Amino acid sequence: MTALAYSAVRGFAALQDPTLAELRSGHLPVRVPGPDGLEVTIGELPATVAEIVLYRTHAGVPDFRLTLGLGATPGRLERRAIAAAVLDATTTRAAADPPAARAPCEDAEFLGIVLDAQEAVGFVEHLKLPHHVTFASDLDRVRAARDRARAGEEG
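Shown next as structure tokens:
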């Protein structure tokens, strides 16, 4: 997440200058419904919240809008909270811009896929399953392309 936020700040999408407006750490109550229907606090969860304000220049033209980004993480993960806030602001800003090709740090769908541990883990885990049929079809395509190339050289 930090690397993707860094790519946003470095200008791979646009020249962006985020300012950390607030960084807070504390504890949030964990509440569950009790048997009588009333909420019961069963503990606390340490959390960190970051707010950034994003200013951006795109294609050399200053954009006079400011965008707020918010990131929150469990525990004292300040760097991750700041990175999440930067990505929140870049995706918010990109969604407000005219439709265009987006850099990875601006694409909310891309970020959701690569940063969601469950989806990423599931994809990587499936690679451990047998892929004999897929590999065989890949080999067939490579052999056919090679045969076409050889036929073109001989003909």
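Note that the working numbering has the sequence shown beginning at 95, numbered continuously upward.
Beta carbons: idealized from backbone N, C-alpha and C, even for Gly.
The structure presented is a predicted model; accordingly, all values stated were derived computationally and were not measured.
If I follow the unbroken alpha helix (DSSP H) through residue i, where does it start and stop?
i      : result
Leu209 : 202-209
Leu181 : 172-190
Leu98  : 96-103
Going by other Cβ atoms of all chains shown within 10 Å of its Cβ, with 16 needed for buried, is residue i buried or exposed?
i      : result
Ala190 : exposed
Leu181 : buried
Leu139 : exposed
Arg270 : There is no way to answer for residue 270, as the model of the chain reaches only from 95 to 249.
Ala230 : exposed
Gly165 : buried
Ala183 : buried
Thr185 : buried
Leu160 : exposed
Ala99  : buried
Ala97  : exposed
Of the choices the options, whose alpha-carbon is the least far from that of residue i?
i      : options                : result
Leu162 : Leu171, Ile176, Pro156 : Ile176
Ala188 : Ala202, Ala179, Ala178 : Ala202
Glu200 : Glu219, Arg235, Ala178 : Ala178
Pro156 : Pro192, Ile207, Gln110 : Gln110
Arg174 : Pro224, Glu219, Ala141 : Ala141
With contact counted as at least three CB pairs below 8 Å, one residue from each stretch, are the region 109-119 and the region 138-145 in contact?
-> Proximity of the region 109-119 to the region 138-145 meets the contact definition, three or more beta-carbon pairs being nearer than 8 Å.
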